[in-house]
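Asks: In our numbering, the protein residues as written are 7 to 80. Ideal Cβ positions, reconstructed from N, Cα and C, are used throughout, including at glycine.
Here it is in structure tokens:
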């Protein structure tokens with residue numbers, strides 16, 4: 007899946023969290039980070055720490071694959 011915006015990433019994270027029946031508070035304890043930070047991330051707010059984001063995604067079972075534009079098929 008190609009993610010183009012912070013809002014798309016946040017929506018994907020929210021969907022996965024809910025599918026795993028985790029509250030924001032529960033997930034924040036696992037990361038660890040504040041529930042507010044997770045809420046901001048899910049709403050697509052800019053400036054959320056990339057390290058926390060990557061750790062959160064790993065906990066939710068995402069695999070991140072980084073490619074250059076030339077490698078992406080259109």
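From this set, 13, 8, 7, 39, which residue's C-alpha is nearest residue 62's C-alpha?
Replies: 39
Asks: Report, in whole angstroms, the separation of the C-beta atoms of residue 60 and residue 19, which I expect to be a contact under 8 Å.
Replies: With a Cβ gap of about 11 Å, residue 60 and residue 19 do not count as contacting.
Asks: Roughly how many angstroms lie between the CA atoms of residue 27 and residue 21, to the nearest whole one?
Replies: Those two C-alpha atoms are separated by around 10 Å.
Asks: From residue 46 to residue 76, what does the alpha carbon distance come to, in whole angstroms?
Replies: 31 Å
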